[in-house]
Amino acid sequence: MINDGQKLAKAPGTAPESDGEHASPLRWRILRILAPLVFTICAISGAVSYYLYASEAVEHMHDDHQEMMDIVALSMPDAIWNFDDERIHAYLETLSHHASVHAVRYFNHEGELVEEIAKSGTALDPVTHSKPLVYQNSLVKQAVGRLELESTNAPLLTARYQGGAVLFGIALTIILSILLMLSWQLKRYVMDPLSKAVRRMRQLEGQHATFQRIPPVHSREINKVIVELNKLGGRIFNMMEALRDNEERYQHFYRDTPALLLVIDDKGTVQDASEQMLEVTGWAREHLVGMPFHALISSQNGKHIHRISTALRLGNACNDLVMTLNCQHQEDRQVQVVIPAANGSQARGTMMLLTDITELTRTQQRLLEHELIDPLTQLPNRLSLNQHVQQLIARDAVFGLLLVNIDRFHSINHHLGPMDGDLLLKEVGARLKECDPDWIGRTGGDEFVMTCDINDLRPLVHRIQIAFSHPLLKAGEPIHLSLSMAGLQAQADDESPSRLMRLLELTVVDIKHKGGNQYRTCVRDSALEDGEPLFLKERMIREALTMGWFRLYLQPIFRAANADLEAPELLGAEALIRLEHPDLGLVPPDEFIAAAEKTGQIVEIGNWVLEEAAVILCEWRRLGIEERYLSVNASVIQFRDQGILHQLESLLERYPIHPSQLVVEVTENLMLDSKDSLRYQLQAIRRLGVNLSLDDFGTGFSCLSYLHDLPFGILKVDRSFVMNVETSRRDRELARVIVAMGQSLGMQVVVEGVEERGQAEIFQAMGVHAFQGYLFGRPMPQQAFETRFHANTDARVSLLKPIRRAPGTGNDLG
Numbered sequence: 001m002i003n004d005g006q007k008l009a010k011a012p013g014t015a016p017e018s019d020g021e022h023a024s025p026l027r028w029r030i031l032r033i034l035a036p037l038v039f040t041i042c043a044i045s046g047a048v049s050y051y052l053y054a055s056e057a058v059e060h061m062h063d064d065h066q067e068m069m070d071i072v073a074l075s076m077p078d079a080i081w082n083f084d085d086e087r088i089h090a091y092l093e094t095l096s097h098h099a100s101v102h103a104v105r106y107f108n109h110e111g112e113l114v115e116e117i118a119k120s121g122t123a124l125d126p127v128t129h130s131k132p133l134v135y136q137n138s139l140v141k142q143a144v145g146r147l148e149l150e151s152t153n154a155p156l157l158t159a160r161y162q163g164g165a166v167l168f169g170i171a172l173t174i175i176l177s178i179l180l181m182l183s184w185q186l187k188r189y190v191m192d193p194l195s196k197a198v199r200r201m202r203q204l205e206g207q208h209a210t211f212q213r214i215p216p217v218h219s220r221e222i223n224k225v226i227v228e229l230n231k232l233g234g235r236i237f238n239m240m241e242a243l244r245d246n247e248e249r250y251q252h253f254y255r256d257t258p259a260l261l262l263v264i265d266d267k268g269t270v271q272d273a274s275e276q277m278l279e280v281t282g283w284a285r286e287h288l289v290g291m292p293f294h295a296l297i298s299s300q301n302g303k304h305i306h307r308i309s310t311a312l313r314l315g316n317a318c319n320d321l322v323m324t325l326n327c328q329h330q331e332d333r334q335v336q337v338v339i340p341a342a343n344g345s346q347a348r349g350t351m352m353l354l355t356d357i358t359e360l361t362r363t364q365q366r367l368l369e370h371e372l373i374d375p376l377t378q379l380p381n382r383l384s385l386n387q388h389v390q391q392l393i394a395r396d397a398v399f400g401l402l403l404v405n406i407d408r409f410h411s412i413n414h415h416l417g418p419m420d421g422d423l424l425l426k427e428v429g430a431r432l433k434e435c436d437p438d439w440i441g442r443t444g445g446d447e448f449v450m451t452c453d454i455n456d457l458r459p460l461v462h463r464i465q466i467a468f469s470h471p472l473l474k475a476g477e478p479i480h481l482s483l484s485m486a487g488l489q490a491q492a493d494d495e496s497p498s499r500l501m502r503l504l505e506l507t508v509v510d511i512k513h514k515g516g517n518q519y520r521t522c523v524r525d526s527a528l529e530d531g532e533p534l535f536l537k538e539r540m541i542r543e544a545l546t547m548g549w550f551r552l553y554l555q556p557i558f559r560a561a562n563a564d565l566e567a568p569e570l571l572g573a574e575a576l577i578r579l580e581h582p583d584l585g586l587v588p589p590d591e592f593i594a595a596a597e598k599t600g601q602i603v604e605i606g607n608w609v610l611e612e613a614a615v616i617l618c619e620w621r622r623l624g625i626e627e628r629y630l631s632v633n634a635s636v637i638q639f640r641d642q643g644i645l646h647q648l649e650s651l652l653e654r655y656p657i658h659p660s661q662l663v664v665e666v667t668e669n670l671m672l673d674s675k676d677s678l679r680y681q682l683q684a685i686r687r688l689g690v691n692l693s694l695d696d697f698g699t700g701f702s703c704l705s706y707l708h709d710l711p712f713g714i715l716k717v718d719r720s721f722v723m724n725v726e727t728s729r730r731d732r733e734l735a736r737v738i739v740a741m742g743q744s745l746g747m748q749v750v751v752e753g754v755e756e757r758g759q760a761e762i763f764q765a766m767g768v769h770a771f772q773g774y775l776f777g778r779p780m781p782q783q784a785f786e787t788r789f790h791a792n793t794d795a796r797v798s799l800l801k802p803i804r805r806a807p808g809t810g811n812d813l814g
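Under the numbering used here, the final residue of the sequence shown carries the number 814; numbering is consecutive throughout.
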C-alpha cells in the first residue's frame, strides 16, 4: 500500500475522465426515476379504489329502483282497477322525481302505453326495470298492466368524477410528500457528504506528484465508501507506477533492441516499427507506418503473405516463415518471420518479430555449394546428383541417365603423377560438358554422370565417342582415353537414385571385365546385384502362391503391467509369413520378400496375408478369443494405386469381423512415397475402423512430423534398440526418446524383440507395458496359438525362459 506523499502516476495518453459538471444532480436523477414509479403505484391504487366504489354505487342504485317499484306495484293496481287516473299519475310522478330516473311508463294489460312521464334530453347509459301490475282481492286476481322505469347513470357519474378528483388530489399530495422526503434524505445523508468528498478530490486535481487520501465525513455510510475509495486509489496508484515502469522498459526494448520489430493490426497495416527495423530497411517511420504489410514483402512470397494475413485476422501463431523483405535504397534482406498467437492483449496490434538471416542464408548457400560441388572439376558431385534425380522422378519425368568411366585411369594417373592426373580429370570434365548434356556431375574418382532427354541418350553417347576420339595432351605427350559407358531410361516409379546408380555401376563393371571401351544399356530385370538370379526367386514365389506353400505364424503381444512380469495379459498377435518349400524346407523371409517387391509379387502376397488374417479373426471369434487384435505387415508397393485400401474394404464387407481387431503395420520406408497420397490412404483406412501401426521406428526415415500428421495408433520400437539397451547408454537414451515421442502423441508403444527380463524391466521403467519377443512367446502356427490361448480366455500365461532368436527370422511380412 501507499502512504500520504507518494507520487500519483497517470497513464500517458489517458483521456481525462468526465467529472459530471454538466450532468444533473444525482438526487434529481434519482427523483426522476422514483417519481414515475410512485405516481404509477398511487394511480393504480386510486383507480382500483375508484372502480370498486363506483361498482358498489351502481349496485345500490339498482337495488333502490327495484325497491321503489315494488312499493308502487302494491298500491297502484287498486287505482287502476278503480280507474283513478289522478292516483295513477301521482304514483308515476312520485317515481319520476328520483334523480336517477329518466322516464316512467305505464302500460295496460294489453301492452298499450297509457301514460309516460320522461325528463328532457337523452339518458346516459340507460337501464330499464319492468314490474307487472296485478290487482287482487278476495274474489279476483287479474293483471291490470305493467310498470316500466328507465334509469340513468348521470348523477352517479357526477359523483364518480368528484370522488376521482378527491382521490387524485390525495394521491398527488402523497407523491409530492414522498418525493420531497426522499429529496431531503438524499441531500442530507448522501449528496452533501458525496459533494464534500468530490470537492476534496477536485482539490487534488492536477497534483499528480502526490496522492492524498480523501478525509472522512460525518455520514457513517459515506465513510465506508470513502474507505474503499482510498483503498482502491492506493491499488490504482501502485498499478499505475508499475505500468509506467513497464512502459519505460517496453519502449526501451522496442526502440533500442537489435531485433526487427513491427506492430501490425488485424488488417495487415503497419502501426509501428523499431529503430533497428527502420535502419535495416531504410524506410522512414512516417512512410512505413500506415503501409500495408504485404508491400514490404517480395511478390515471390505471395503464399506466405496469405498465410500471415490469415494468422493476423484469426489471431493464430505463424512461425518460421522465410521471405524476402523489400528495402528502400538498400539491398533486400532475407528474414524469418514469427507471429505469436493472440492472447487477448493485442488491442493495438500484433507484434511481429523479423530475424535478419541474410548473412546466414548466404553462408548456408556457400556451404551447400561446397557440399554439392566437386572441388576439382567444379562440377556437381554425387549428393547433387541424388537431389537432381529425385527432383526429376518427383516431376514424373522420363529421362536418360548415363554413367561414364575412364578405362585404366589408375595406370594413367600413376604414369602422369597426381597433379597431371587431376588436370586430366578437369579436362575430361570440360570435354564431356561440351557434349551438351542436360546435366553433368562427377560422382567418383574417374566417374562422371549425365542426364539428358530420353531421345537424346544415344546421340549424347555418339557425341562423347567423337569428342574422345582425339587424344588429350598432357606433359607434352598425347593421351588416348577410352570410356566405358552405361545408360538407362529412368522413370517416375524408380525407387531411388542409389538404385539407378547401382545398376549403372554394375553394368560398367561388367563392361570393364569384358575389355571396356563400349556403351551398353542397362537391363533392369537381370538383377546383377543379386547373388541368385531374380527369375529363380520369382518362379519360387509363383509356385508358393499356386501350391499354397505360404503359412502365417502368430507371435503373441502381451501387456505386462506388473513389476515382476508375471501373468502378462494377451493383447494380440503379429502375423509373420513363412514359406514352407517341399525340398528346401523353411525359407526365411529375407530370401524372398525383397525379390517379391522387385517383381511386384508382393501385392499378391500381401492380399493373401490380409485374406488369411480375416479368416483367423473369424476363427478367434468362434473360439471366444475376442477383444484381441491381429497385426499384419504391409509393403510400400501395396499402397500404390490404393490397392490395400480396396482390399481392406472388400474384406470388411465379406467377413464378419470387427475392424478394430485388424492392425496394418507399415515401416518408415513408406514415408518416402508421396505424402499426400499416403495421408489420404492411411486416413481412409483409419475411417474404416482398422488400426494403424508404425513398425521399425528409428531405423530409417525417422521424422516427428509424420508421427503427428498421420493417424498411427501404435508405435513399435525396433529390436535394434532393444538388443543392447541393458549395456549401451546410447541405445537406452535413443529408446527413451522414441518412447517419449510415441507417448506424447497418445500412441500405444510396443517393444519388439524382447529376449531378456532386464530389457523388459528397463522399458517398464519408461512407462511401456506392451511387449513382443521370445521372452514372452515364439512365433507359432495358428493352431498352436489358438490351442494355447483358447483354453484360458483371460489369456494370462507364465513367461517362457529366455530363448535366443534363430537366424533368419527378421524382416517378416505378414
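For glycine and all other residues, C-beta sits at the position ideal for the given N, C-alpha and C.
Cβ contact annotation for Gly753 (same chain, cutoff 6 Å, sequence separation greater than five): Arg719, Val722 and Gly773, in chain order.
DSSP places Met352 in the uninterrupted beta strand (DSSP E) bounded by Thr350 to Asp356. Counting every other CB atom within 10 Å of its CB across the protein chains shown gives Gly777 a total of 16 or more, marking it as buried. In the three-state DSSP reduction, Gln647 falls in the helix class (H, G or I).
A residue is called buried once 16 or more other Cβ atoms fall within 10 Å of its Cβ, and Tyr91 is buried on that count.
In the displayed model, Arg249 falls within a helix according to three-state DSSP. A residue is called buried when at least 16 other Cβ atoms come within 10 angstroms of its Cβ; Gly290 does not meet this threshold and is exposed.
Short of 6 Å from the beta carbon of Asn386, and not among the five residues preceding or following it, lie these beta carbons of its own chain, in chain order: Pro497. With contacts defined by Cβ atoms closer than 8 Å, Asp374 and Arg431 do not form a contacting pair.
Look at Arg551 here: in three-state DSSP terms it is strand. Going by beta carbons, Leu745 and Leu710 fall outside the 8 Å limit.
Here DSSP, grouped into helix, strand and coil, assigns Trp439 to strand. Remark: C-beta atoms of Leu554 and Pro340 do not approach each other more closely than 8 Å. In the three-state DSSP reduction, Met76 falls in the helix class (H, G or I). In the assembly as shown, Lys141 is an exposed residue. Its beta-carbon has fewer than 16 other beta-carbons within 10 Å. Beta-bridge partners of Asn691 (DSSP): Val663. When C-alpha distances from Pro36 are compared across Leu176, Thr94 and Ile117, the shortest belongs to Leu176. The alpha carbon of Ala73 has as its nearest neighbour, out of Asp446, Arg333, His581 and Leu147, the alpha carbon of Leu147. Here the C-alpha atom of Gly121 lies approximately 12 Å from the C-alpha atom of Val101.
Rounded to whole angstroms, the gap between the alpha carbons of Ile226 and Trp184 is 22 Å.
The alpha carbon of Gly624 has as its nearest neighbour, out of Phe712, Thr787 and Ile541, the alpha carbon of Thr787. Beta bridge pairing from DSSP links Asp453 with Phe399.
Annotation: the continuous beta strand (DSSP E) that includes Met323 extends over Cys318 to Leu325. Burial check for Phe639: the Cβ neighbour count within 10 Å reaches 16 or more, so the residue is buried. Short of 6 Å from the beta carbon of Leu288, and not among the five residues preceding or following it, lie these beta carbons of its own chain, in chain order: Val270 and Ala273.
In the structure shown, the three-state DSSP call for Leu472 is strand. Listed in chain order, the non-local C-beta contacts of Met352 below 6 Å within the same chain comprise Leu262, Ile264 and Ile339, local neighbours out to five positions each way being set aside. Rounded to whole angstroms, Asp493 and Trp283 show a C-alpha spacing of 51 Å. By the neighbour-count criterion, in which 16 or more other beta carbons inside 10 Å mark a residue as buried, Gly758 falls on the exposed side.
In the structure shown, the three-state DSSP call for Val717 is strand. Phe592 is the residue among Val134, Pro781, Arg730 and Phe592 whose C-alpha sits nearest the C-alpha of Glu543. DSSP, read as helix, strand or coil, puts Gln782 in helix.
Nearest neighbour of Gly713 by Cα position, chosen from Met741, Leu179 and Arg730, turns out to be Met741. If you ignore the 5 residues before and after Cys452, its C-beta comes within less than 6 Å of the C-beta of Gly400, Pro437, Asp438 and Leu460, all in its own chain and listed in chain order. Here Gln743 really is in contact with Val749; their C-beta atoms are around 6 Å apart, less than 8 Å.
The beta-carbon distance between Ala486 and Arg463, rounded to whole angstroms, is 17 Å. This is too long to meet the 8 Å contact definition.
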